[in-house]
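Protein chains in written order, with full-length UniProt numbering: chain A, 1 to 670; chain B, 1 to 75.
To start, the structure itself, in structure tokens.
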Ligand SMILES: Nc1nc2c(ncn2[C@@H]2O[C@H](COP(=O)(O)OP(=O)(O)OP(=O)(O)O)[C@@H](O)[C@H]2O)c(=O)[nH]1
């Protein structure tokens, strides 16, 4: 039995991921702006055999940005898949352009007419039976958000056949039809899996990914010739600006007729609600202050008002009852000192030291999810565009940066939806400087120990520091390497949507889960390793800490950090392990000073001065992106050079900045 | 008249947008902007920031630089 493979495809922000979650019962990232899904995601269909693939949103099969290109490549290469085309009923005309292009490729398609609730509110009633009749494929009205109509869609999916040679053939006029025919003849011997007419048409439309496909063929010149000729002829005889324009217009007029026949519009009212909120959050005077205020509230909730007290409670619980019970159990079963030390000084100290921050991290992720699902994210881009323009970028870069506060890895990925390659690259270079949730434990530990009275303020200054360094780097890059390239900006602003509790909770949990998983896997592993390195030394086991392997390793690189004020082997060892994941710094510190987190703070005050502690935090923030981020940058830039540079930029800026902080601070007598 | 010269809540008909950057032009077309379609300028952001447009029920934001290259006819 062959497993069925079905792909979801459609315009951005039309609810594809929502539907994906409903059909598979799994969870993927949903957000209210265009470009949330940036890569192919695979899930298993509920109740039946087969896989479902969630693709990024596209405005056209002819791609502009990197996330759209993922879809084009998918369409060129995969021939077995059948498709569900999600169409936003409230923006029917625009969405149907993708539908037409898919139908031209093959009629193995089901149209999911989504957001009929929104369309209804706007006064549009869509006759889906009529639409189905004209298009010749099933059309199922659904509301993905409330899972309405999902059953009917499932029924259709079961019935659908993945192989059909039927395609929609729009008539594009004699000139283009002629060119298509010529192309088809040339294409005939090639091993192309999909409809040749479709390939020809996409080529004539200037689809660069289809061009790439044909590029290696020896008759590529012939193809180009056909296109050139057709364009000239069109320009001369029909006075159209370009082939692309003509193809677009032909589709447009077909759609126009289609919509006229199947949609009844009673009143056309725009969303008042959205209007009102927008007039405040994008207001001349209030726009930026409101954004800053929201960021501040999010930050304070995490560190001061809500997250911090919760983390404190958890810490007391781990350091108190849990440790007590473990200690007694180990005594009782007569565990050797080696095992006792491993569990209490290694695992409880290392993993527990990080786990206490789970509440804070959940509060942060909850705030981020709220921002993402509401539709405010798209507004941030326009409010910040002017500022970003001065550093040679555009407002869209702000989305990856904000996501980066949660975790840098999805932040780097989110840059895919930025159209200009240069803007995208610079954004990816900036993202690692955003204070992600993994840095948060480090800040909380040190700020709690040294700046107890104005903890939040100190941590806030670090967040700002990260942003400022990132902005300077961007300015530097766009006024040197990328001087010639202009940044561009265009953004679709979706209507606001009241976030649903279920979505919010799931989004928060999915993001937070990653943190807990990390604690269970490589922070656990790292802790055991670090503990062992601190427990063993050249002279045997259970050595004095200063004689351990860890001390030796740390000691080798310690001199490098002497000018920064923390040239001890302990700090160096922590920094070294922190490259794996920044939370490990806290684990390492807990293990090195083998005291529970609560006492660690007072212990630290003997080792560091406030000035050095601040420098240390700043260094952790900037120095080297964690391993996962480096891997993401490598994957997204496809460039060793830029991956290497992102590490260098981090290290150099960290070193220089902390050097200045420390030396100036010392001069000022701190 | 140019799109950038409209004031808030003015409604106009697009007459020519072939001068804007090709990438933006493509996106505009994909978002349903075309010759002769109606747009409403909702507002402009301060310090020469982007402007917000409404066209057939959807809201689009565009830089003023680009809006200066779009010819419209005020209604
Ligand atoms: N009112 C309403 N909202 C919906 C419906 N379906 C989805 N949404 C909302 O639309 C927004 C976008 O949903 P997503 O599933 O992230 O859209 P997407 O198509 O995957 O978006 P991209 O990843 O950007 O391509 C979310 O805020 C959803 O809650 C619906 O039927 N009705």
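Glycine included, C-beta positions come from ideal geometry on N, C-alpha and C.
Using the three-state DSSP reduction, which class does residue i fall into: helix, strand or coil?
i: residue 493 of chain A; result: strand
i: residue 20 of chain B; result: coil
i: residue 38 of chain B; result: strand
i: residue 372 of chain A; result: helix
i: residue 189 of chain A; result: coil
i: residue 43 of chain B; result: strand
i: residue 646 of chain A; result: helix
i: residue 124 of chain A; result: strand
i: residue 300 of chain A; result: helix
i: residue 1 of chain A; result: Any reading at residue 1 of chain A must be qualified, since the residue scores a pLDDT of 37, below 50, and its modelled position is unreliable; the value itself is stated next. DSSP places residue 1 of chain A in coil when its eight states are reduced to three.
i: residue 177 of chain A; result: helix
i: residue 9 of chain B; result: coil
Roughly how many whole angstroms lie between the Cα atoms of residue i and residue j?
i: residue 452 of chain A; j: residue 8 of chain B; result: 50 Å
i: residue 78 of chain A; j: residue 210 of chain A; result: 14 Å
i: residue 636 of chain A; j: residue 196 of chain A; result: 31 Å
i: residue 144 of chain A; j: residue 581 of chain A; result: 37 Å
i: residue 573 of chain A; j: residue 534 of chain A; result: 10 Å
i: residue 319 of chain A; j: residue 11 of chain A; result: 51 Å
i: residue 1 of chain A; j: residue 149 of chain A; result: Summary for residue 1 of chain A: the model assigns pLDDT 37, below 50, so the residue's position carries little reliability; its value from the coordinates is reported in the next sentence. Cα-Cα distance, rounded: 28 Å.
i: residue 583 of chain A; j: residue 203 of chain A; result: 50 Å
i: residue 333 of chain A; j: residue 508 of chain A; result: 40 Å
i: residue 328 of chain A; j: residue 317 of chain A; result: 16 Å
i: residue 375 of chain A; j: residue 633 of chain A; result: 27 Å
i: residue 46 of chain B; j: residue 440 of chain A; result: 35 Å
i: residue 422 of chain A; j: residue 546 of chain A; result: 49 Å
i: residue 25 of chain B; j: residue 183 of chain A; result: 27 Å
i: residue 75 of chain A; j: residue 118 of chain A; result: 29 Å
i: residue 68 of chain B; j: residue 4 of chain B; result: 5 Å
i: residue 550 of chain A; j: residue 530 of chain A; result: 7 Å
i: residue 71 of chain A; j: residue 419 of chain A; result: 15 Å
i: residue 14 of chain B; j: residue 116 of chain A; result: 29 Å
i: residue 395 of chain A; j: residue 140 of chain A; result: 37 Å
i: residue 136 of chain A; j: residue 407 of chain A; result: 45 Å
i: residue 611 of chain A; j: residue 213 of chain A; result: 58 Å
i: residue 621 of chain A; j: residue 609 of chain A; result: 18 Å
i: residue 83 of chain A; j: residue 155 of chain A; result: 14 Å
i: residue 22 of chain A; j: residue 40 of chain A; result: 17 Å
i: residue 254 of chain A; j: residue 168 of chain A; result: 12 Å
i: residue 59 of chain A; j: residue 207 of chain A; result: 13 Å
i: residue 234 of chain A; j: residue 227 of chain A; result: 11 Å
i: residue 652 of chain A; j: residue 425 of chain A; result: 19 Å
Determine the closest residue to residue i out of the options, with distance taken between C-alpha atoms.
i: residue 34 of chain B; options: B/48, B/18, B/42; result: B/18
i: residue 491 of chain A; options: A/385, A/73, A/198, A/629; result: A/385
i: residue 105 of chain A; options: A/580, A/564, A/166; result: A/166
i: residue 516 of chain A; options: A/132, A/96, A/553, A/354; result: A/354
i: residue 432 of chain A; options: A/550, A/152, A/468, A/563; result: A/468
i: residue 579 of chain A; options: A/17, A/445, A/627; result: A/627
i: residue 673 of chain A; options: A/188, A/111, A/436; result: Since the first and last residues shown for chain A are 1 and 670, residue 673 of chain A lies out of range.
i: residue 259 of chain A; options: A/348, A/382, A/124; result: A/124
i: residue 435 of chain A; options: A/371, A/624, A/261; result: A/624
i: residue 152 of chain A; options: A/38, A/249, A/19; result: A/19
Anyone know if the C-beta pair for residue i and residue j falls short of 7 Å?
i: residue 186 of chain A; j: residue 225 of chain A; result: no
i: residue 9 of chain A; j: residue 55 of chain A; result: yes
i: residue 548 of chain A; j: residue 587 of chain A; result: no
i: residue 64 of chain B; j: residue 41 of chain B; result: no
i: residue 366 of chain A; j: residue 380 of chain A; result: no
i: residue 670 of chain A; j: residue 615 of chain A; result: no
i: residue 463 of chain A; j: residue 617 of chain A; result: no
i: residue 679 of chain A; j: residue 277 of chain A; result: As displayed, chain A neither begins before 1 nor continues past 670, which places residue 679 of chain A out of reach and without an answer.
i: residue 391 of chain A; j: residue 474 of chain A; result: yes
i: residue 603 of chain A; j: residue 351 of chain A; result: no
i: residue 306 of chain A; j: residue 499 of chain A; result: no
i: residue 97 of chain A; j: residue 239 of chain A; result: no
So which residues on chain C does residue i lean against when the C-beta distance must stay under 7 Å?
i: residue 489 of chain A; result: Going by chain labels, chain C is absent from the structure shown, which instead holds the protein chains A and B.
| said: Tell me which residues of the segment 107-120 of chain A have at least one Cβ-Cβ distance to chain B shorter than 9 Å, keeping chain order. | reply: none
| Quick one, which residues of the segment 5-19 of chain B are near chain A if we go by CB-CB under 7 Å, in chain order? | 18
| query | Given a limit of 8 Å on CB to CB distance, which residues of the segment 130-147 of chain A reach chain B? | reply | none
| Looking at chain B, which residues of the segment 398-422 of chain A have a Cβ within less than 8 Å of any of its Cβ atoms? | 419, 420
| request: Quick one: which residues of the segment 270-298 of chain A get their C-beta closer than 7 Å to a C-beta of chain B? List them in chain order. | output: 270, 282, 284, 287
| Residues within the segment 478-506 of chain A neighbouring chain B, beta-carbon criterion of under 7 Å | 488, 489, 490, 491, 492, 493
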